[in-house]
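Quick notes on the structure that follows.
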Amino acid sequence: MKIFLTGINGKMGKAIVSVAENTEGVEIVGGLDVVKGGAYPVFSCASEVNVEYDCIVDFSRPSTLKDVISLAVARKVPVVIATTGYDKAQLAEIDELARKVPVFRSANMSIGVNVVESVLPLLASALDGFDIELVEAHHNQKVDAPSGTAKQMLEAVEKGLNYKPEYVDGRSGESKRKKGDIGVHAVRGGTIVGEHTVIFAGDDEIIEIKHTALSRRIFAVGSIKAALFLKGRKAGMYNMTDYLKSNK
604 MKIFLTGING KMGKAIVSVA ENTEGVEIVG GLDVVKGGAY PVFSCASEVN VEYDCIVDFS
664 RPSTLKDVIS LAVARKVPVV IATTGYDKAQ LAEIDELARK VPVFRSANMS IGVNVVESVL
724 PLLASALDGF DIELVEAHHN QKVDAPSGTA KQMLEAVEKG LNYKPEYVDG RSGESKRKKG
784 DIGVHAVRGG TIVGEHTVIF AGDDEIIEIK HTALSRRIFA VGSIKAALFL KGRKAGMYNM
844 TDYLKSNK
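Here is the structure:
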């Protein structure tokens, strides 16, 4: 499979290149980035691209979405979208793209994170009456907060609740907890790759579900697996749940 990588010279892009170079049947053929250089052709925009590719892996910024869509439609190839921070209009554009080509979208490409998310609805339902908080931590260069993974985890928690929660971003001053609140707290510092902790706090007991990423490699591996998963699929929206089910 020939992969075109948007964000090829970013931290995640370099991690994906490293994994791809050691994966049989996978070849990086170039990418988009504002930073030039590296072992592969790097283009500034979709109109400059002159290499052939079988799949696009997008680990860039929301502002690149127009180019990603253009590249996917031009060759009618599948797309793995791992970028986060999209607004509602951009999400609608991604939904429209999925009507034309296979799209694999996940805020977190780690297998482990997605397994954690699969159990959160069950826990939220079983621990009725427990207070719920989420704490996420990332490096000091991360742009969006809360993280896309945090939002994805909160969506999973909501599936197990019998009420619509009110999200509270951090707390300051007089901020006594109200029934139905879910506190969301973002930490930014150093080179933290990614930590997500969902806390269920009840009377005299606390349950914590935590995932810690020790390197970007886990996201790179997940991205390559997602690309291979899309091969031969019909147009539509796919996610890590689909991938996990396909491997049972």
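Residue 851, in the numbering used here, is where the sequence shown stops; the numbers in between run on with no holes.
A virtual CB, placed ideally from N, CA and C, is assigned to each residue, including glycine.
- Annotated as proximal: V704 and A675, with beta-carbon spacing under 7 Å.
- The beta carbon of G783 is closer than 8 Å to those of Y766, K767, P768, E769 in its chain, skipping five residues each way along the sequence.
- Taken atom to atom, the span from the alpha-carbon of D806 to that of V746 is near 36 Å.
- Looking at the backbone, the Cα of I809 and that of E627 are separated by about 44 Å.
- Residue pairing by DSSP places P705 opposite G839 in a beta bridge.
- Looking at S621, F733, A740, H814, the one whose alpha-carbon comes closest to that of V787 is A740.
- Secondary structure note for V620: its alpha helix (DSSP H) is the uninterrupted segment 614-623.
- Distance from the Cα of Y656 is smallest, within the candidate group A830, D845, L847, A838, for A830.
- Annotation: the continuous alpha helix (DSSP H) that includes D670 extends over 668-678.
- The three-state secondary structure of I606, taken from DSSP, is strand.
- Secondary structure note for T815: its beta strand (DSSP E) is the uninterrupted segment 808-816.
- In terms of Cβ geometry, M615 and F662 form a close pair [threshold 7 Å].
- Proximity to K837 across K691, R664, L700, V671 peaks at L700, based on C-alpha coordinates.
- Inter-residue distance for S728 and V722 is about 10 Å (C-alpha atoms, whole angstroms).
- Uninterrupted alpha helix (DSSP H) stretches at least 4 residues long and entirely within the region 713-780 occur at 714-729, 751-762, given in chain order.
- According to DSSP, L635 shares a beta bridge with T609, F646.
- Listed in chain order, the non-local C-beta contacts of R678 below 6 Å within the same chain number zero, local neighbours out to five positions each way being set aside.
- Its chain contains Y656, D657, C658, I659, V704 as the residues whose beta carbon lies nearer than 7 Å to that of V680, once the 5 sequence neighbours on both sides are disregarded; these appear in chain order.
- In terms of CA proximity to E761, I735 leads the group I735, D772, H742.
- Taking a C-beta distance under 7 Å as the contact criterion, N717 and T752 do not qualify as a contact pair.
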